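Participant: Line by line, the protein sequences are chains A and B. Counting from 472, one number per residue, gives the positions in the first sequence under my numbering. Counting from 472, one number per residue, gives the positions in the second sequence under my numbering. Note that CB positions come from ideal geometry on N, CA and C, so glycine has one too. Predicted model, so just to flag it, every value in this text is computed and none were measured.
Protein chains: 2
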Amino acid sequence: MRFSKFYAPTTKEAPKDATLPSHIFLVRGGFVEQNGAGLYSFLPLGKIMLDKISNVVRDEMNKAGALEVSFSVVTNADLWRDSGRFSVFGKELLRFKDRKENDFVISPTNEESAVAMVKNKVNSYKQLPLHLYQINTKFRDEARPRFGILRGREFVMKDGYSFHANADDLRREFDLMEATYSKIFTRLGLNFRAVEADSGAIGGSGSKEFMVLTKNGEDDILCCDSCKYAANVEAARRQPKAPYGDVPEAEPFKFHTPNTKTIKAVSELFRVSEFYTIKAVIKKAIYADNSEIIVFFVRGDDELEDTKAQNACGALELVDASEDEIKNAGIVAGFCGPVGLNAKFFIDKELKDNTQMICGANEIDYHFIGVSVSSFKDDRFKDLVAVKSGDKCPNCGGNLELSKGIEVGHIFQLGDKYSSAMNATFLDENGKAKPFMMGCYGIGVSRLIAVMIEASHDEKGCVWQKQCAPFDAMIIISNLKDEEGVKFANELYQNAINSGLNVMIDDRNERFGVKINDYELLGYPYAIVVGKSLNEGNVELITRAGLNKELIKASDALKVLKERLC
Amino acid sequence: MRFSKFYAPTTKEAPKDATLPSHIFLVRGGFVEQNGAGLYSFLPLGKIMLDKISNVVRDEMNKAGALEVSFSVVTNADLWRDSGRFSVFGKELLRFKDRKENDFVISPTNEESAVAMVKNKVNSYKQLPLHLYQINTKFRDEARPRFGILRGREFVMKDGYSFHANADDLRREFDLMEATYSKIFTRLGLNFRAVEADSGAIGGSGSKEFMVLTKNGEDDILCCDSCKYAANVEAARRQPKAPYGDVPEAEPFKFHTPNTKTIKAVSELFRVSEFYTIKAVIKKAIYADNSEIIVFFVRGDDELEDTKAQNACGALELVDASEDEIKNAGIVAGFCGPVGLNAKFFIDKELKDNTQMICGANEIDYHFIGVSVSSFKDDRFKDLVAVKSGDKCPNCGGNLELSKGIEVGHIFQLGDKYSSAMNATFLDENGKAKPFMMGCYGIGVSRLIAVMIEASHDEKGCVWQKQCAPFDAMIIISNLKDEEGVKFANELYQNAINSGLNVMIDDRNERFGVKINDYELLGYPYAIVVGKSLNEGNVELITRAGLNKELIKASDALKVLKERLC
């Protein structure tokens, strides 16, 4: 491609609201352009990256036996009513009425369409398994679209839906997809982990997220330093914490503790380690029709994990409770404990059967000591804690370490949630109608462009990996008036194209400084600068990662490029 | 591809509302599936055809120097306000509000997005020309979606937008696109014509439609039998009609013509040919804010062409006027003529300066004779007639013939309509700011799948052309219990794949009759039936077009397939 015939309108101005390097460089490099809150159009460079990523995804999905389809972007609301999601899906689901006042949605995901595509068409277990996927536009009306295409409202996603006769076969496909996704992200040159994940609102019996490890990640993930265990903090488990400090042996007693409202103060007053204290976290749980104040108890040195807490109580959302709301619920802030509490509460499961604990007495300026956390009903105990760096791996006891990650894929074992709701069945070996067992599998295709930059950039711009870059290399003509240079560069360009390299030649009538700045911003893996040193038979090879520069023989330029790129 | 691992759920049931073969066969063959009024999802076979067509379009567009982009499907309403179309576009434009009550549209076309992509980025004539295109989902909220994917609401379209420094360069690109489109439709194996078209609401200085000639076409097109002239009836021109019959010489006179309300009656009463009579067609013109009764006068033996009439008066729509509306407008139905008429009217330009004409006298039971159509103002004369079969070519005088066509592409010279409205300018050679000259160019990608079937099918199903078929051939195993046959068919399949053919093997455990019916319905260009004749070293070659069957040597099967397909 000739830069003079291409359209990559680079600029020095970053978007005002941009904080992430990927957002800044994608806009400055003319890859994408904003066209409204969370809405982006893809310029030629952005479209090239969309296609490159899509092609890798498609290739591996096809090799795994999945079949590509295309669901309509606008979907009939009736399908969403059948599954029950039309009313329960939040405001992210963009609902609209057409000219005839009928309801439609712009697809944020396509479980319903996928079920509709097999319902009454796949009738026998003999036609299973079946895996249908698409790479298509999605829309989610995010409350706070941000970070450029990393969290936009319109985005391109690969979403696949598999149908099985039983749970074993679903599990087989789930494992196949884990392997397939690993191949895809490896081919894209990414440093990623498959982590245990919260299945949340999608439901089902198990899910894994694929996380790319980057400094600016939105998600906290915990990885074991000695085995393969890794999990999103929302779903991370650990070995129960070992006791530390002297056991504060005492008979049960209500103790006067004036103004002792924090764990730190309690621990100091009683001279016990925080291990023996119980912390109350008070939240307001929002449900579809009502809300409720709920207390979550965790060990004094632990923190509440919000998603776990939300799953514990089945709320749509948890928000902080106001002082008045806490008071009206009959809760004494600062002195709240599970013994004799007159409000809904849950206790972290690690506290079960702990003895000699100290907790609030639900009375101003009083705590209980010598408490046994044993006589509560089993369903009060839930996994509630936020696992931290240094906690022990639940599998091997190794150390867990906290990293930041960005989600790029998520695979779910859905089970029969959607097929049952939509009454989509097949006849099994015994001629009995059963709902399909389903899996669903997503990859954020457009988001991956940003993730690849988050994972690899410097202060000057993108640093694309050679596995998947918009172009393999840029051939830069330093000076268009240098006839020898122009001739050599054009020949090199033509030879590179002929030998299968995907190169761009910067043949624009621009100053050399502009061309170098643009090269560094666009970030193709290599550049060949054809300049004055051509007189001595040399050109400059720039390696974008590290911006290393070396003089090489001009006659070797193509050979060296090919070596570096393979 | 193995049919046993594929998903083409064929059925004998045609959709209830289906009248066109393409609609019936696309649904019966499991290419597409309806998911709401005018909404279709594409199953694997449909997706394969979408990709095949897209790839041909993309290849030729890239060769012509256009650059592929991707505009967001959801577009900010502000862009549409800037161009002025947010308010004037009809109900086909799907407008919706997001969770923050801001206005958006689902793109029916992307002139605004294209202008936004170059505005303030292309600043100099040196950066021109530039042609950006995408292949993307569109949505038009059609009042009456019908004919399956031929007139759906959601569809896939290739839309391109070019930017130029002057009208000459736009004209050059327009001609290049005419040539490019011709290559595309030729590669798709279609019998098409590029015809002169009405530019209508899009505006601009010239446009051409690409029409595929098919029996079930929605459009009337006129093609010259001796030169290349072809036009949509909406824009068709002709040589002025030659007079016939005796000239009814008479001095101007108002004649009593009781109950003589039709052209036929007038012609019989006066014993003159219809050539010398004037017909009044009375319409109600709908504008954005009001409506008006307008009379269109054409020669007695001509018909009014609605689109031409609409363009003449600039109305958004023309509808029939009721008896009351006609009366209230002061028009005497059956006796209406241009002389002394107290209503808005236009006259067909072929009538200009005609003499010895007969027309209504705007008085019950009276006509004027001996009328000269000469003293009216020039702007009353417009091209209003519907050109018919047998009319004479405006270029060479040959005979025009009427055909039915389906529009598959449309190219426009837009001029500066959108760039001016959106204030998108560049600096010309003299440093003066000028609005871009623009062209726009569309191809109905998803509709082409249906068009290809309309153009080539029989009563049993699709008959794909070998240029662009979902698969080149089907290898049919007659009987899965025939081990020799299964072995031979699988070897042939593998060899065909290895030599670059795109074949499907029907290895399903189904009766032979089912397989043959499915083959005829899906309609790949060739089939090889591996059956009993293999004992004598033969297989059957079926040519789908004509369903011709021939025994060929089994050992020659691959060679013959390759010969037929090249």
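Would you mind working out which of A:A721, A:E722 and A:S738 sits nearest A:T728, comparing C-alpha positions?
Facilitator: As a first step, residue 728 of chain A is located in the first sequence; it is residue number 257 there, counting from the start. Nearest of A:A721, A:E722 and A:S738 to A:T728, Cα basis: A:S738.
Participant: B:K534 CB to nearest chain A CB: under 7 Å?
Facilitator: Within the second sequence, numbered from 1, the residue matching residue 534 of chain B stands at position 63. Taking Cβ atoms only, chain A never reaches closer than 7 Å to B:K534, which makes this a no.
Participant: Are the C-beta of A:E788 and some C-beta of chain B separated by less than 7 Å?
Facilitator: For the purposes of this step, residue 788 of chain A is taken as residue 317 along the first sequence, with counting starting at 1. Chain B, which has no Cβ nearer than 7 Å to the Cβ of A:E788, makes this no.
Participant: Just verifying my parser: in three-state terms, what is the DSSP assignment at A:F817?
Facilitator: By 1-based counting over the first sequence, the position of residue 817 of chain A is 346. In this structure, A:F817 counts as strand in the three-state DSSP scheme.
Participant: Below 9 Å between beta carbons is the criterion; list the residues of the stretch 516-531 of chain A that meet it against any residue of chain B, in chain order.
Facilitator: Here the close residues are G517, K518, I519, L521 and D522.
Participant: What are the start and end residues of the alpha helix (DSSP H) that includes A:G984?
Facilitator: Position 513 of the first sequence, counted from the first residue, corresponds to residue 984 of chain A. Here the alpha helix (DSSP H) through A:G984 covers F983 to L993.
Participant: Check whether the Cβ atoms of A:Q884 and A:G861 lie closer than 7 Å to each other.
Facilitator: Residue 884 of chain A sits at position 413 when you count from the first residue of the first sequence. Residue 861 of chain A sits at position 390 when you count from the first residue of the first sequence. No, they are not a contact pair.
Participant: Who are the near neighbours of A:E794 in its chain, counting only those whose CB is closer than 8 Å to its CB and skipping five residues on each side?
Facilitator: On the first sequence, position 323 is the one that residue 794 of chain A refers to. Hits under 8 Å: A804.
Participant: Identify every residue that forms a DSSP beta bridge with B:V683.
Facilitator: By 1-based counting over the second sequence, the position of residue 683 of chain B is 212. B:V683 is bridged to B:F663 and B:I877.
Participant: Since A:Y758 and A:L787 are thought to touch, with beta carbons under 8 Å apart, how far apart are those beta carbons, to the nearest angstrom?
Facilitator: Here residue 758 of chain A refers to the residue found at position 287 when the first sequence is read from its first residue. Here residue 787 of chain A refers to the residue found at position 316 when the first sequence is read from its first residue. So it is a contact: roughly 6 Å between Cβ atoms.
Participant: Using a Cβ-Cβ cut-off of less than 7 Å, give me the residues of the stretch 623-641 of chain B that come near chain A, in sequence order.
Facilitator: Listed in sequence order: E625.
Participant: Keeping to the same chain, check which residues put their C-beta closer than 6 Å to that of B:S678; ignore five residues upstream and five downstream.
Facilitator: Here residue 678 of chain B refers to the residue found at position 207 of the second sequence. Counting only Cβ-Cβ distances below 6 Å, and skipping sequence neighbours, we find A668, S670 and F883.
Participant: Please classify A:C807 as buried or exposed, where buried requires at least 16 other C-beta atoms within 10 Å of its C-beta.
Facilitator: On the first sequence, residue 807 of chain A is found 336 positions in, with the first residue counted as 1. That one is buried.
Participant: Expressed to the nearest angstrom, what Euclidean distance is found between the alpha-carbon atoms of A:E649 and B:A895?
Facilitator: Start at 1 with the first residue of the first sequence, and residue 649 of chain A comes out as number 178. Start at 1 with the first residue of the second sequence, and residue 895 of chain B comes out as number 424. Approximately 49 Å between the Cα atoms of the pair.
Participant: At a Cβ threshold of 7 Å, is A:Y478 touching chain B?
Facilitator: Counting from one through the first sequence, the residue named residue 478 of chain A turns up at place 7. Yes, A:Y478 lies at the interface with chain B (some Cβ there is under 7 Å from its Cβ).
Participant: Report the residues of the stretch 538-570 of chain A with a CB closer than 9 Å to any CB of chain B, ordered along the chain.
Facilitator: So the list reads L538, E539, V540, S541, F542, S543, V544, V545, T546, N547, A548, D549, L550, K562, E563, L565, R566, F567, K568, D569 and R570, given in the order they occur along the chain.
Participant: Could you name each continuous beta strand (DSSP E) segment of 3 residues or more that falls completely within the stretch 892-955 of chain A, going from the start of the chain to the end?
Facilitator: Here the runs fully enclosed are 896-898, 904-906, 908-915 and 944-948.
Participant: For A:H602, which residues does DSSP report across the bridge?
Facilitator: Start at 1 with the first residue of the first sequence, and residue 602 of chain A comes out as number 131. Paired residue(s): A:S633.
Participant: What's the call for B:F724, buried or exposed, on a 16-neighbour Cβ count within 10 Å?
Facilitator: The residue you call residue 724 of chain B lines up with position 253 of the second sequence. The residue is exposed, with fewer than 16 neighbouring Cβ atoms inside 10 Å.
Participant: Against chain B, does A:G507 count as a neighbour if the rule is that its beta carbon must be under 7 Å from one of theirs?
Facilitator: Taking the first residue of the first sequence as position 1, residue 507 of chain A is located at position 36. Output row for A:G507: interface = yes.
Participant: Is there contact between the stretch 943-950 of chain B and the stretch 987-1000 of chain B, where contact requires at least three CB pairs shorter than 8 Å?
Facilitator: These segments touch.
Participant: To the nearest angstrom, how far is the alpha carbon of B:A508 from that of B:A485?
Facilitator: Position 37 of the second sequence holds residue 508 of chain B. Position 14 of the second sequence holds residue 485 of chain B. Rounded to the nearest angstrom, the two C-alpha atoms are 16 Å apart.
Participant: Hey, quick one: how far does the alpha helix (DSSP H) through A:Y700 stretch, first residue to last?
Facilitator: For this step, residue 700 of chain A is matched to residue 229 along the first sequence. Per DSSP, A:Y700 belongs to no alpha helix (DSSP H) and is neither H nor E.
Participant: Quick one: grab the DSSP three-state call for A:F502.
Facilitator: For the purposes of this step, residue 502 of chain A is identified with residue 31 of the first sequence, where counting begins at 1. Here A:F502 sits in coil by DSSP.
Participant: Based on the DSSP output, what are the partners of A:I519 in its beta bridges?
Facilitator: What you label residue 519 of chain A is simply residue 48 of the first sequence in a count that begins at 1. For A:I519, which the question treats as bridged, DSSP gives no partner whatsoever.
Participant: Is it right to say B:A780 is buried, meaning 16 or more other beta carbons lie within 10 angstroms of its own, or is it exposed?
Facilitator: Counting from one through the second sequence, the residue named residue 780 of chain B turns up at place 309. Burial call: buried.
Participant: Please classify B:K1024: is it buried, with 16 or more other beta-carbons within 10 angstroms of its beta-carbon, or exposed?
Facilitator: Counting from one through the second sequence, the residue named residue 1024 of chain B turns up at place 553. Classification for B:K1024: exposed.
Participant: Give the interface partners of B:L1012 over in chain A, defined as CB-CB distance under 9 Å, in chain order.
Facilitator: Numbered from its first residue, the second sequence carries residue 1012 of chain B at position 541. Those do not exist, as B:L1012 stays about 28 Å from chain A at its closest Cβ, beyond 9 Å.
Participant: Would A:G876 be called buried (16 or more neighbouring beta carbons within 10 Å of its own) or exposed?
Facilitator: On the first sequence, residue 876 of chain A is found 405 positions in, with the first residue counted as 1. That one is buried.
Participant: When you compare each of B:Y990, B:E531 and B:V922 to B:I620 by their alpha carbons, which one comes out closest?
Facilitator: Stepping through the second sequence from its first residue, residue 620 of chain B is reached at position 149. Ranking the options by Cα distance to B:I620, first place goes to B:V922.
Participant: So what does DSSP say about B:C807, is it helix, strand or coil?
Facilitator: Position 336 of the second sequence, counted from the first residue, corresponds to residue 807 of chain B. Three-state DSSP puts B:C807 in coil, outside helix and strand.
Participant: Quick one: residues in its chain with C-beta nearer than 8 Å to the C-beta of A:E991, no 5 flanking neighbours on either side, listed in chain order?
Facilitator: Residue mapping note: residue 991 of chain A aligns to position 520 of the first sequence, counting from 1. These residues qualify, in order along the chain: K931, G932, R1015 and L1018.
Participant: Taking the alpha carbon of B:Q827 as the reference point, which residue from B:R770, B:I764 and B:G868 has its own alpha carbon closest?
Facilitator: In the second sequence, residue 827 of chain B corresponds to position 356, counting from 1. It is B:R770.
Participant: Would B:V879 and B:F681 qualify as a contact pair, given that the criterion is a beta-carbon distance under 7 Å?
Facilitator: Counted from its first residue, the second sequence places residue 879 of chain B at position 408. Counted from its first residue, the second sequence places residue 681 of chain B at position 210. A contact, by the Cβ cut-off of 7 Å.
Participant: Considering only the alpha carbon of each residue, which of B:A479, B:D819 and B:F847 lies closest to A:V593?
Facilitator: Stepping through the first sequence from its first residue, residue 593 of chain A is reached at position 122. The shortest Cα separation from A:V593 among B:A479, B:D819 and B:F847 belongs to B:A479.
Participant: Can you name the residues that DSSP bridges to A:G831?
Facilitator: Along the first sequence, read from residue 1 onward, the residue named residue 831 of chain A stands at position 360. Answer is A:H838, bridged to A:G831.
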